[in-house]
Structures are given as structure tokens and as C-alpha cells.
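S.K.:
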Amino acid sequence: MVPDLQVNNLSVQFRSDEGHVNAINGVSLVVPAGKAVAIVGESGSGKSTVMMSVPRLLPGNACVRGEILFDGCDMLKLSEKALRARRGKDIGMIFQNPSAYLNPTKTVGQQLIEPLLYHHMASAAAAKKTAISLLDQVGIADPDARFNMYPFEFSGGMLQRVMIAIALIASPKLLIADEPTTALDVTVQAEILMLLKQLQRDRGMSLVFITHDLAVAAQLCDEVYVMYGGMVMEHIPVPSLVNQCSHPYLQGLLNSIPRLNEPVGRLPFIPGNPINTTRALPDGCIFADRCTAKMDICSKRPPLFSYAAHHEVACWLAQTGGIA
Ligand SMILES: Nc1ncnc2c1ncn2[C@@H]1O[C@H](COP(=O)(O)OP(=O)(O)OP(=O)(O)O)[C@@H](O)[C@H]1O
Ligand SMILES: [Mg+2]
Numbered sequence: 001m002v003p004d005l006q007v008n009n010l011s012v013q014f015r016s017d018e019g020h021v022n023a024i025n026g027v028s029l030v031v032p033a034g035k036a037v038a039i040v041g042e043s044g045s046g047k048s049t050v051m052m053s054v055p056r057l058l059p060g061n062a063c064v065r066g067e068i069l070f071d072g073c074d075m076l077k078l079s080e081k082a083l084r085a086r087r088g089k090d091i092g093m094i095f096q097n098p099s100a101y102l103n104p105t106k107t108v109g110q111q112l113i114e115p116l117l118y119h120h121m122a123s124a125a126a127a128k129k130t131a132i133s134l135l136d137q138v139g140i141a142d143p144d145a146r147f148n149m150y151p152f153e154f155s156g157g158m159l160q161r162v163m164i165a166i167a168l169i170a171s172p173k174l175l176i177a178d179e180p181t182t183a184l185d186v187t188v189q190a191e192i193l194m195l196l197k198q199l200q201r202d203r204g205m206s207l208v209f210i211t212h213d214l215a216v217a218a219q220l221c222d223e224v225y226v227m228y229g230g231m232v233m234e235h236i237p238v239p240s241l242v243n244q245c246s247h248p249y250l251q252g253l254l255n256s257i258p259r260l261n262e263p264v265g266r267l268p269f270i271p272g273n274p275i276n277t278t279r280a281l282p283d284g285c286i287f288a289d290r291c292t293a294k295m296d297i298c299s300k301r302p303p304l305f306s307y308a309a310h311h312e313v314a315c316w317l318a319q320t321g322g323i324a
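Just so it is clear: in the sequence shown, position 254 is 254 by the UniProt record's numbering, and no numbers are missing.
(1) If the criterion is Cβ atoms closer than 9 Å, does the pair Gly-92 and Ala-167 meet it?
(2) Excluding the 5 residues flanking Leu-116 on each side, which residues of the same chain have their C-beta closer than 7 Å to its C-beta?
(3) Where does Glu-153 land, buried or exposed, given buried means 16+ other C-beta within 10 angstroms?
(4) Would the stretch 61-72 and the stretch 10-30 be scored as touching if the rule is three or more Cβ pairs under 8 Å?
(5) Checking 9 Å against the spacing of the C-beta atoms, do Val-216 and Leu-253 come in under that value?
(6) Please classify Thr-187: does DSSP put it in a helix, a strand, or coil?
(7) Here's a check: name, in chain order, each residue in its chain whose Cβ is nearer than 8 Å to the Cβ of Gly-284, leaving out the five neighbours to either side.
(8) Might you give, ordered along the chain, the residues of its own chain that have their beta carbon closer than 6 Å to the beta carbon of Gly-176, omitting 5 neighbours on each side?
(9) Rounding to the nearest angstrom, what Cα-Cα distance links Tyr-118 and Leu-281 in this structure?
(10) Quick check: does the Cβ of Ile-210 come within less than 8 Å of any heavy atom belonging to ligand 2?
(11) Run through the stretch 234-260 for me and flag every whole alpha helix (DSSP H) of 4 or more residues, listed as ranges in chain order.
(12) Cutting at 8 Å between CB atoms, please list the residues of its own chain near His-20, excluding the five before and the five after it.
(13) How many angstroms separate the CA atom of Ala-324 from the CA atom of Glu-223?
(14) Alpha carbon to alpha carbon, how far is Asn-273 from Ile-140? Give it in angstroms, no decimals.
(15) Confirm, please, whether the CB-CB distance from Phe-95 to Asp-4 is below 9 Å.
(16) Could you check the C-alpha separation between Ser-99 and Asp-144 for me, to the nearest Å?
(17) How would you label Phe-269, buried or exposed, when you count the other beta carbons within 10 angstroms and need 16 or more for buried?
(18) If Asp-71 sits next to Lys-173, beta carbons under 8 Å apart, how far is it from one beta carbon to the other, in whole angstroms?
(19) Are the beta-carbon atoms of Ile-236 and Ser-246 separated by less than 9 Å?
(20) Counting C-beta neighbours from all protein chains within 10 Å, is the total for Thr-49 16 or more, i.e. buried, or is it exposed?
(21) Threshold first: 3 residues or longer. Then list the beta strand (DSSP E) segments lying entirely within the stretch 129-192, N to C.
(22) State the start and end residues of the unbroken alpha helix (DSSP H) segment that holds Gly-109.
(23) Would you check whether ligand 2 has a heavy atom nearer than 8 Å to the C-beta of Lys-47?
(24) Which word fits Glu-18, buried or exposed, when buried means at least 16 other C-beta atoms lie within 10 angstroms of its C-beta?
(25) Can you tell me whether Glu-67 is helix, strand or coil according to DSSP?
(26) Is Cys-285 helix, strand or coil by DSSP?
(27) Using 10 angstroms around the beta-carbon of Gln-111, count the other beta-carbons present and answer buried if the total reaches 16, otherwise exposed.
(28) Given a cut-off of 9 Å, decide if His-311 and Glu-234 are closer than it, judged by their beta-carbon atoms.
(29) Which value, in whole angstroms, describes the spacing of the CA atoms of Tyr-101 and Trp-316?
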């Protein structure tokens, strides 16, 4: 299948007078057309930076290298004009905090139809019709009346539904959702996740879902990329996650998911601190200092070993056959 998005050897460094942050250090990933791919990792592992590189929304102090192939061209080589023609049309984005992205002085309806008018995809009347139908699809009751209301008149969960509608209004091929439910309570979170999954399937869209929650990633996605220190540690199909997960970091993440039938207080955790990306990276495996399976060979950086279809592991255990 032709991938919708292919990121090749991406590196991002944030530069400032105080020093540099090596946020992304050679990430390659593929989002197959029509599939849902999760990017999982601890805070600061570079999840948002990778995906903000795709529509080139990183701040000016970001130095980006590599290749980002989307729909036949390298996003990093597009002119500003060509980029603007794609943002919001071919690529939709949803973020954690919808109220930070919505304009409080404009009605929800005005903000919904904006992408259609900006990209000359519909007349004002047709755009309004599409917007109201989409509000209905994302589960907003009484969409005609809601179209004319302002963001402050909506709850957090409803605003996230509005953000989803805005991201989808121009029928993008790719939807990037960056921790879209973290700020919501659990029941609303589950509803929004189900809605996203349903919309992704119905529209045959590709979805990149960024989360620190492995359980949510497994529910929603077909494949998972696990990031640490701006690198991919493991790429694994969801059905293999529990039985064939290989990297000690991913095993640690899986073990630290709370289970209802276990007493509180016995939760294993990954010892040590996340790698400091403001310093030069070590020559060897960047997880070695925290790894319980560390070997002599880990003083050399492991490549991403291809393990099975859609399954890659950046760990020497994959080469030595030490992985079950
Ligand atoms: N504008 C910026 N200037 C300098 N450093 C930045 C900037 N944005 C991100 N970083 C740094 O880049 C690294 C990766 O950040 P990023 O936001 O991509 O992580 P993340 O995995 O999305 O984390 P979170 O789960 O907290 O959202 C971090 O060390 C962060 O401090
Ligand atoms: Mg983030």
C-alpha cells in the first residue's frame, strides 16, 4: 500500500542563546494510507515536534533536517505558498487544548467555514450547510443553533468536538491528533476517542495519534511508534504489542499501566530519568542508563532492526536473539 506519509531520518534541533536541544535524532516512520498510527512516549520524547514538522509549524529557532514525503512531495522543500495551500486542507490537526486554538471573538460557525472559504472549496452558503452537517456528525446537538454560538458557550468536550469538525471540514487525507483528550475527564475522553476512530474509518483517512497513554494508543490505532529521547525505540503492530513487544523501554511502559485487579502501590516503574537532550547524546544506546537488560554491546548505538512486518526494534537484544 502506498504510504500517505513517510518521514525519513528526521532531525530537529531547537537553538537558543542558552544552548541547543536535540529534540529529534534521526526518526523514520511511515503512516500507511487509511491506517491509524500512534506515537507514544514520555513527556519531552519529541512526539509533538515530529508531527509539527510535517505541516512545518515549528517555531523559527527549529533547525529541521531530513525528508517528509506527503502526497508525493517533500514538505521540507515546499514554498510557503504551497504549504499554506496544504495546511488545513490536506492535513487536519487537533490539539490538547481547543480553547487555545479557537478565537473567542468569532462564532464557532465562522471558524468552521473558514478553511472552506480560504481554500475556495465552497460558497458561503454551501460551507454553512457542510459545517452544520459536520457539527451533527461529531455529536453536537442542535447544530443549527450551535453554529451561531461562541466558544465560551461550549463545554470542554464539546469544544474538542468542534475542533475535530474544523480539522475535518476540508476532508483532509491525514489527521494529526496531538493528545486531544488529555484535558478531558475519562468518560468524555472515551466518547471523543470513539468518535475519532469512527470518523477515521468512515472517511478512510490516515490518522496519527499522539499520546503518552499506551492503552489508548492500542485501542485506537493499528501500529505504534514508541519514542524516547527523540528516537524511535520500537515500531510494532498493535496485535503484537502484548506478546511480542521487545524493547526493554516498551516493556517497562507496558508494565507500568495500572491494572484494576492489582493493589495500588505495586506498580513497577522505569528507574532513572529521561535522557537530557540539551547535552550531546551518548555514542551508545540512549536508553542504556535506565535499562535492566544492559549488555557490553550497548556502548554502541543499536540500529533499528527489522523484526517482522511493521515491527522494528532499536535494541541489540533483537540481533542477539535475546528477545522472546
Ligand atoms: N520551541 C522550543 N524551543 C526549545 N525547545 C523545545 C521547543 N519545543 C520543544 N522543545 C524541546 O524539545 C523536546 C521535545 O519536545 P516535544 O514537545 O516534542 O515533546 P513531547 O513528547 O510532545 O512531550 P509532551 O508529552 O510533554 O507533549 C523537549 O526537550 C522540549 O523541551
Ligand atoms: Mg507534546
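Think of the CB as a built atom: it goes at the ideal place given N, C-alpha and C, for glycine as much as any other residue.
M.R.: On the basis of the data shown:
(1) By 1-based counting over the sequence shown, the position of residue 92 is 92. By 1-based counting over the sequence shown, the position of residue 167 is 167. Their beta carbons are under 9 Å apart, which means Gly-92 touches Ala-167 by this criterion.
(2) Residue numbering aside, residue 116 sits at position 116 when the sequence shown is read from its first letter. Taken in chain order, the residues that qualify are Ala-122, Ala-127, Thr-130, Ile-169 and Ala-170.
(3) Reading the sequence shown from its first residue, position 153 is the one you call residue 153. Classification for Glu-153: exposed.
(4) yes
(5) Residue 216 sits at position 216 when you count from the first residue of the sequence shown. Residue 253 sits at position 253 when you count from the first residue of the sequence shown. The answer is no: Cβ separation not under 9 Å.
(6) Position 187 of the sequence shown, counted from the first residue, corresponds to residue 187. Thr-187: helix per DSSP, three-state reduction.
(7) Position 284 of the sequence shown, counted from the first residue, corresponds to residue 284. For Gly-284, where only same-chain residues beyond five positions count, the Cβ hits under 8 Å are Cys-298, Ser-299, Lys-300 and Arg-301.
(8) Working through the sequence shown from its first residue, we reach residue 176 at position 176. A small fix is needed here, since residue 176 is Ile in this sequence, not Gly. If we look at Ile-176 and ignore the five residues flanking it on each side, its Cβ neighbours are Met-51, Met-93 and Val-208.
(9) Taking the sequence shown and counting its residues from 1, the one referred to as residue 118 is at position 118. Taking the sequence shown and counting its residues from 1, the one referred to as residue 281 is at position 281. Their Cα atoms are separated by approximately 43 Å.
(10) Residue mapping note: residue 210 aligns to position 210 of the sequence shown, counting from 1. It does: the Cβ of Ile-210 is within 8 Å (strictly closer) of some heavy atom of ligand 2.
(11) 241-244 and 248-255
(12) Counting from 1 along the sequence shown, the entry for residue 20 is found at position 20. Result list for His-20: Gln-13, Phe-14 and Thr-278, in chain order.
(13) Here residue 324 corresponds to residue number 324 of the sequence shown, with the count starting at 1. Here residue 223 corresponds to residue number 223 of the sequence shown, with the count starting at 1. Summary for Ala-324: the model assigns pLDDT 46, below 50, so the residue's position carries little reliability; its value from the coordinates is reported in the next sentence. Their Cα atoms are separated by approximately 20 Å.
(14) Working through the sequence shown from its first residue, we reach residue 140 at position 140. Working through the sequence shown from its first residue, we reach residue 273 at position 273. The alpha-carbon atoms of Ile-140 and Asn-273 are separated by roughly 43 Å.
(15) Position 4 of the sequence shown, counted from the start, is the residue given in the question as residue 4. Position 95 of the sequence shown, counted from the start, is the residue given in the question as residue 95. It is not a contact, given that the beta carbons lie outside the stated cut-off.
(16) One-based indexing of the sequence shown puts residue 99 at position 99. One-based indexing of the sequence shown puts residue 144 at position 144. Roughly 21 Å separates the two Cα atoms.
(17) By one-based count along the sequence shown, residue 269 stands at place 269. With fewer than 16 other Cβ atoms within 10 Å, it is exposed.
(18) Counting from one through the sequence shown, the residue named residue 71 turns up at place 71. Counting from one through the sequence shown, the residue named residue 173 turns up at place 173. Confirmed, Cβ separation roughly 7 Å.
(19) Here residue 236 refers to the residue found at position 236 of the sequence shown. Here residue 246 refers to the residue found at position 246 of the sequence shown. A contact, by the Cβ cut-off of 9 Å.
(20) Residue mapping note: residue 49 aligns to position 49 of the sequence shown, counting from 1. Burial call: buried.
(21) 174-178
(22) Indexing the sequence shown from 1 puts residue 109 at position 109. Per DSSP, Gly-109 belongs to the alpha helix (DSSP H) from 108-118.
(23) For the purposes of this step, residue 47 is taken as the residue at position 47 of the sequence shown. Yes; taking the cut-off as 8 Å, the Cβ of Lys-47 has a heavy atom of ligand 2 nearer than that.
(24) For the purposes of this step, residue 18 is taken as the residue at position 18 of the sequence shown. Exposed, by the Cβ-count rule.
(25) Indexing the sequence shown from 1 puts residue 67 at position 67. In this structure, Glu-67 counts as strand in the three-state DSSP scheme.
(26) Your numbering for residue 285 matches position 285 in the sequence shown. Three-state DSSP puts Cys-285 in coil, outside helix and strand.
(27) Position 111 of the sequence shown, counted from the start, is the residue given in the question as residue 111. Burial call: buried.
(28) Residue numbering aside, residue 234 sits at position 234 when the sequence shown is read from its first letter. Residue numbering aside, residue 311 sits at position 311 when the sequence shown is read from its first letter. Yes. Within cutoff.
(29) On the sequence shown, position 101 is the one that residue 101 refers to. On the sequence shown, position 316 is the one that residue 316 refers to. Approximately 43 Å between the Cα atoms of the pair.
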